[in-house]
Amino acid sequence: MSTLMHQRHLLLLEKKHRRNETTWFVTKSALKKGETRKKNFHVVRRRLLLCCLILVTLVLYSRFYSSTKTTATSPSKMQQTTTRRRRAGTVKEFVGCNDDKDGNEDDEDEKEMDAKDFVLRSIETTRVRSKPFASYVHLCRVFPRKLYREMTEYFPPKEALAPAKLTSHKLRYKIDRVGSLLDLPEAMKKTFKNFTKTVEVWSKAEEILLSERLRETVFRKLEVDEVEKKTRSKDFRIQMDVGGFTLGPHPDSPKKIVTLMLYFPKEEEEESNKKLFGTCLYTKEQYETFADNDEGKEVLPSCEKKFLFEPNTGYAFKVGEESYHGVDDIPPRCERRTLLINWYSTSKPVGTQSGIFPNIWDIIRGDA
Ligand SMILES: *[C@@H]1O[C@H](CO)[C@@H](O)[C@H](O)[C@H]1NC(C)=O
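Structure (structure tokens):
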């Protein structure tokens, strides 16, 4: 009897022990699970934080990008602008050239004068202006008549130009330096009116405009402090802005010392385009009404001075913190032909960097 009881007792003990063991095992595994969960939670949280950080950076970057630039920043927005153009603000004053008074006298001058001297004289005889910002010049009869006529006639076709690299300038086609025309495929060269003539005429213009004498003349005129701002590189860009292109008010990259732009309207250019395509100069207040207001992008601010987009004319200005300028939206199927010369204080011109993201500073301050 006692042995039986003893056996039962032992059995019970064993059961109890087993139960304890299981409890212990359960608690242990539960503990283990909890720890791993905690660990996992830490890893997940860290990854989530990292993702959020990347996301926020990207969002901020794109927000920043679109808010500092014009509406033509993303392809979808660009589509919008091609269909729905921004309303341009009122123009307070158009700046044009008095073309009526040029008679035979000037023509005589043109025959005798070397083309470079002619261009230099055009710059030297113009008046320096300081409103809305200091300082800029409007240029009239820039080239001798014959050279200008040939430059317009043999302006490179759009097919030969490549979209500008900066994302905001997708509707701006350009070619840097006349020499790069020589690298075009033979089939492309055949699309030119006369490729040889194009290179001949535009090389002549390039030689004049990139000359040291011309730079000195422009810099002297605009009172550029050359000790502070030494020229390290320059641009010569034959450009075409097509329908949908837009460039809201911006001051230009601080890497730029001087911007010089010349106009090449087509012979059959509409009168309305002569008023529309010209560059506008803005006051700081006008710029701020544009920059501070997201909705304002639908409407461009009023424009203080606007150059007329006339043949053989152009302008140059000293780049500063307040050299605010811009271009109204180009209507569909239009081509705005220009020549852009930039002098930089950096060894590399703006907008030449490769990669997905353009230099953030170039974006903030704008280019061209
Ligand atoms: C093209 O221009 C070159 C250089 O001015 C000239 O010699 C040539 O005759 C022109 N070709 C045509 C087909 O007009």
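What the sequence shown shows, in full-length UniProt numbering, is residues 1 to 368, in sequence order. Note that CB positions come from ideal geometry on N, CA and C, so glycine has one too.
CB contact flag (residue i, residue j, <9 Å)
i	j	result
Gly-314	Leu-262	yes
Arg-177	Leu-340	no
Phe-143	Ala-115	yes
Ser-323	Pro-251	yes
Leu-281	Ala-88	no
Val-137	Val-128	yes
Arg-145	Asn-342	no
Val-227	Lys-318	no
Met-240	Lys-158	yes
Thr-126	Leu-147	no
Val-44	Ser-302	no
Ser-253	Ser-347	no
Cys-97	Arg-149	no
Asp-328	Arg-121	no
His-325	Thr-279	yes
Residue i (DSSP reduced to helix, strand or coil)
i	result
Asn-40	helix
Ala-134	coil
Val-201	helix
Phe-118	helix
Leu-222	coil
Tyr-148	helix
Thr-73	A caution first: Thr-73 carries a pLDDT of 35, below 50, which makes its placement in the model unreliable, though a value can still be read off. In the structure shown, Thr-73 sits in coil (DSSP, three-state: anything other than H, G, I, E or B).
Lys-342	According to the sequence provided, residue 342 is Asn. The question's Lys does not apply to it. Asn-342 falls in the strand class under three-state DSSP.
Val-91	strand
Arg-177	coil
Ser-272	helix
residue 425	Nothing about residue 425 can be read from this structure; the chain reaches only from 1 to 368.
Phe-192	coil
Tyr-263	strand
Arg-333	coil
Pro-349	coil
Arg-45	helix
Ala-162	strand
Asp-328	coil
Leu-214	helix
Leu-182	helix
Leu-300	coil
Val-26	Note that Val-26 scores 46 on pLDDT, short of 50, meaning its location in the model is unreliable; the coordinates nonetheless yield the value given after this. Helix at Val-26.
Lys-305	strand
Lys-230	coil
Lys-170	coil
Cys-280	strand
Lys-256	strand
Phe-290	helix
Exposure label - residue i; buried when at least 16 CB within 10 Å
i	result
Glu-335	buried
Ile-175	buried
Glu-269	buried
Pro-163	exposed
Ala-187	exposed
Ile-123	buried
Asp-183	exposed
Leu-276	buried
Arg-215	buried
Asp-235	buried
Thr-57	exposed
Leu-161	buried
Phe-41	exposed
Integer-rounded CB distance, given that residue j should sit under 8 Å from residue i
i	j	result
Gly-244	Ile-330	7 Å
Thr-231	Tyr-344	7 Å
Val-350	Lys-255	5 Å
Thr-283	Pro-132	4 Å
Val-242	Leu-181	Between Leu-181 and Val-242 the Cβ distance is about 19 Å, and since that is not below 8 Å, they are no contact.
Closer than 9 Å to chain D by CB, residue i
i	result
Pro-349	Given the protein chain composition of this structure (a single chain), no chain D is represented.
*Does the count of Cβ pairs from the segment 301–312 and the segment 201–218 closer than 8 Å reach three?*
no
_Does the structure place the segment 188–204 close enough to the segment 256–271 that three or more beta carbon pairs sit under 8 Å?_
no
*Counting Cβ pairs closer than 8 Å, one from the segment 319–335 and one from the segment 210–221, do we hit at least three?*
no
*Answer yes if the segment 217–227 comes into contact with the segment 147–154, meaning at least three C-beta pairs across the two stretches below 8 Å, and no otherwise.*
no
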